[in-house]
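> Residue numbering for the sequence shown follows the numbering used here, beginning at 8 and increasing consecutively.
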Amino acid sequence: MFFMRRIVITSGKGGVGKTTVTATLGRDLSFAGFRVALVDADVGLNNLDVVTGVERRVVYDLCDVLAGKCRVFQALVQDSESAMRILPSSRGSDRVTAQAFAQVVRSLSGFDFVLIDCPAGIEHGFHRAVSAAEEALVVVTPSASAIRDADKVVALLRSYPLKDISLVVNRVRPDLVRKGDALSAAEISGLMRVPVVGVIPDDDAVGVYQQFGGRADSTYSDRAFKVLATNIAEGRKDLVDVSFKRRSRRGIRRI
Ligand SMILES: Nc1ncnc2c1ncn2[C@@H]1O[C@H](COP(=O)(O)OP(=O)(O)O)[C@@H](O)[C@H]1O
Ligand SMILES: [Mg+2]
8 MFFMRRIVIT
18 SGKGGVGKTT
28 VTATLGRDLS
38 FAGFRVALVD
48 ADVGLNNLDV
58 VTGVERRVVY
68 DLCDVLAGKC
78 RVFQALVQDS
88 ESAMRILPSS
98 RGSDRVTAQA
108 FAQVVRSLSG
118 FDFVLIDCPA
128 GIEHGFHRAV
138 SAAEEALVVV
148 TPSASAIRDA
158 DKVVALLRSY
168 PLKDISLVVN
178 RVRPDLVRKG
188 DALSAAEISG
198 LMRVPVVGVI
208 PDDDAVGVYQ
218 QFGGRADSTY
228 SDRAFKVLAT
238 NIAEGRKDLV
248 DVSFKRRSRR
258 GIRRI
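Shown next, in the form of structure tokens:
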């Protein structure tokens, strides 16, 4: 039987790495042989097209699909680095209803994964993106404000009929964790009572390459993103943390 997994990547707080995680996870799943589509749900402040380097090739967008100007498959653009497809959002007004959006997402038949890049905040845009998904990935950075926002988002997510809610801890600084100056992914997971499926280090290469629509050629964050993709593909929750030197009693491995 054919399965399409619809996963929303959300956070509450802006700038924590939702779009980065959406694009990189999508590419890794595509490299692993899965058929992947990314949907930019950030109507108005969309940038998934820029991050994936497809901005100049966009012809139609989500609003054109909804207005009946084109079919959803005509609006899909192929990623600059992989076989995955991107459904761009529009920079226009934000009048897309949750129902119409969910219908477009569900019409993406033939894809193994549809990853939905959620806008910041917990308003209509959040509701629209989450309503179209069956699973949620909450991106959080190890700062008190990001954790507090993510916590609120998790509480909200629990009111939706989602099959799974997991955490991706992004921009981890292993040096600070080892000194005890930052919470570890395991500690954040414990505080929030949500399992971690990805621990991504803070890596300058991520931002530098992103400006050109590419992906960081860095084994450092690359390996961490691969672990995330494996966890997602296999439905596992292995906590592989960049901050630890050796296998601990709790089974946390260093990569
Ligand atoms: N692991 C990381 N290491 C370094 N910079 C990162 C990392 N993840 C994201 N960034 C940077 O943080 C900024 C915000 O990321 P973005 O994915 O656009 O966040 P959001 O979609 O949540 O607003 C970008 O400039 C991006 O390059
Ligand atoms: Mg974003």
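Ideal placement from N, C-alpha and C gives every residue a C-beta, glycine not left out.
All of these numbers come straight from a predicted model, not from anything done at the bench.
1) If you reduce the DSSP assignment to three classes, tell me which class L190 lands in.
2) Measure the alpha-carbon distance for Q218 versus S97 and round it to whole angstroms.
3) Can you give, in chain order, each stretch of the alpha helix (DSSP H) that sits fully within the stretch 163-209 and has at least 4 residues?
4) If you draw a straight line from the C-alpha of V160 to the C-alpha of S37, how long is it?
5) Among all residues, which have a Cβ less than 5 Å from at least one non-hydrogen atom of ligand 2, and in what chain order do they fall?
6) What are the uninterrupted segments assigned as beta strand (DSSP E) that are 3 or more residues long and contained completely in the stretch 78-166, given in chain order?
7) Spatial neighbours of V65 within its chain, please: C-beta separation below 7 Å, excluding the five flanking residues on both sides.
8) Thinking C-alpha only, which one of A240, A192, D211 is nearest T226?
9) Taking the alpha helix (DSSP H) that T59 falls in, what are its first and last residues?
10) On a Cα-Cα basis, can you pick out the residue from R243, K233, K244, F108 that is closest to A39?
11) Give me whichever residues DSSP pairs with L45 in a beta bridge.
12) According to DSSP, what are the bridge partners of T17?
Checking against the coordinates, here is how it stands:
1) Indexing the sequence shown from 1 puts residue 190 at position 183. L190: coil per DSSP, three-state reduction.
2) Within the sequence shown, the letter at position 211 stands for residue 218. Within the sequence shown, the letter at position 90 stands for residue 97. Using only the alpha carbons, I get a separation of about 20 Å.
3) 181-186, 192-199
4) Position 153 of the sequence shown holds residue 160. Position 30 of the sequence shown holds residue 37. C-alpha separation (whole angstroms): 28 Å.
5) K25, T26
6) Segments of the beta strand (DSSP E) lying fully in the stretch 78-166: 92-94, 120-124, 142-147.
7) Within the sequence shown, the letter at position 58 stands for residue 65. D56, V84, P95.
8) Here residue 226 corresponds to residue number 219 of the sequence shown, with the count starting at 1. Of A240, A192, D211, the residue nearest in Cα terms is D211.
9) Along the sequence shown, read from residue 1 onward, the residue named residue 59 stands at position 52. Careful: T59 lies outside any alpha helix (DSSP H) and carries neither H nor E.
10) As a first step, residue 39 must be located in the sequence shown, where it is residue number 32. Ranking the options by Cα distance to A39, first place goes to K233.
11) Within the sequence shown, residue 45 is the residue found at index 38, counting from 1. Paired residues: I93, L122.
12) Along the sequence shown, read from residue 1 onward, the residue named residue 17 stands at position 10. DSSP lists V145 as partners of T17.
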